[in-house]
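Written out below as structure tokens is the structure these notes cover.
Numbering (our numbering), first residue to last: 107 to 246.
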């Protein structure tokens with residue numbers, strides 16, 4: 107469900123475009139435990155079977171032959187427990203550094219409102235990035 111504060115700038119269309127690799131979806135220990143429990147495997151099995159190690163040495167969700175996340179079929183098969191990084195999309199740091207990125211990202215993501223007021227976009231991105239601090243702490 108889309109909250110009122112995101113509805114003016116973004117409404118997920120569940121198209122799966124954001125599920126392409128693009129550098130990998132980092133997963134925290136908490137993400138791994140949640141997803142492993144959801145798919146009924148141990149965290150160790152999850153790490154061995156469903157993740158790859160990124161160039162930074164951190165676990166990322168493995169990609170299928172089609173370049174998409176292995177959990178994307180016709181939609182996200184782990185949606186209730188999808189990683190924090192996935193739940194954050196499209197509220198990424200690059201939008202704060204260069205607000206014009208919002209309109210560029212809209213070319214690839216039909217859920218992004220390219221006409222959303224800049225202040226509304228930046229406010230929502232800041233809120234989401236504050237929440238992502240926990241992800242960063244877990245990855246470091």
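We treat Cβ as the ideally placed atom computed from N, Cα and C, and that holds for glycine.
* At 4 residues or longer, and completely inside the region 184 to 209: list those alpha helix (DSSP H) runs for me, N to C. => 190 to 194 and 199 to 203
* Asked: Whole-angstrom Cβ separation of residue 157 and residue 165, contact assumed at under 8 Å?
  -> As a first step, residue 157 must be located in the chain shown, where it is residue number 51. As a first step, residue 165 must be located in the chain shown, where it is residue number 59. Correct: roughly 4 Å between the Cβ atoms.
* In this structure, does DSSP put residue 164 in helix, strand or coil? -> The residue given as residue 164 occupies position 58 in the chain shown. Three-state result, residue 164: coil.
* Asked: Three or more C-beta pairs closer than 8 Å, one from the region 189 to 207 and one from the region 217 to 236: is that the case here?
  -> yes
* Does the count of Cβ pairs from the region 119 to 139 and the region 177 to 196 closer than 8 Å reach three? -> yes
* **Buried or exposed by the 16-neighbour rule on C-beta atoms within 10 Å, applied to residue 140** => Within the chain shown, the letter at position 34 stands for residue 140. It is buried - the Cβ of residue 140 has at least 16 other Cβ atoms within 10 Å.
* Spatially closest choice to residue 118 from 222, 183, 217 and 223, by CA coordinates -> Along the chain shown, read from residue 1 onward, the residue named residue 118 stands at position 12. Measuring from the Cα of residue 118, the nearest candidate turns out to be 217.
* Asked: beta strand (DSSP E) containing residue 151: first to last residue?
  -> Working through the chain shown from its first residue, we reach residue 151 at position 45. Unbroken run through residue 151 is the alpha helix (DSSP H), 149 to 156; no beta strand (DSSP E).
* Euclidean distance between Cα positions of residue 235 and residue 208 -> Taking the first residue of the chain shown as position 1, residue 235 is located at position 129. Taking the first residue of the chain shown as position 1, residue 208 is located at position 102. Going by the C-alpha atoms only, they are around 15 Å apart.
* Asked: When you compare each of 220, 221 and 193 to residue 120 by their alpha carbons, which one comes out closest?
  -> Position 14 of the chain shown, counted from the first residue, corresponds to residue 120. Of the listed residues, the one whose Cα sits closest to residue 120 is 193.
* To do: Spatial neighbours of residue 144 within its chain, please: CB distance less than 8 Å, with the 5 preceding and 5 following residues excluded, ordered by chain position.
  => Numbered from 1 along the chain shown, position 38 holds the residue referred to as residue 144. The residues are 184, 186 and 187.
* Give me the Cα-Cα distance between residue 227 and residue 149, rounded to the nearest whole angstrom. => In the chain shown, counting from the first residue as 1, residue 227 sits at position 121. In the chain shown, counting from the first residue as 1, residue 149 sits at position 43. If I take the Cα positions, the gap works out to 36 Å.
* To do: For residue 225, count neighbouring C-beta atoms within 10 Å of its own C-beta (all shown protein chains included) and say buried if the count is 16 or more, exposed if not.
  => Within the chain shown, the letter at position 119 stands for residue 225. Exposed, since its Cβ has fewer than 16 Cβ neighbours within 10 Å.
* Asked: Do residue 212 and residue 223 have their C-beta atoms closer together than 8 Å?
  -> As a first step, residue 212 is located in the chain shown; it is residue number 106 there, counting from the start. As a first step, residue 223 is located in the chain shown; it is residue number 117 there, counting from the start. No, they are not a contact pair.
* Can you give the Cα-Cα distance for residue 125 and residue 205, rounded to whole angstroms? -> Taking the chain shown and counting its residues from 1, one reaches residue 125 at position 19. Taking the chain shown and counting its residues from 1, one reaches residue 205 at position 99. Those two C-alpha atoms are separated by around 22 Å.
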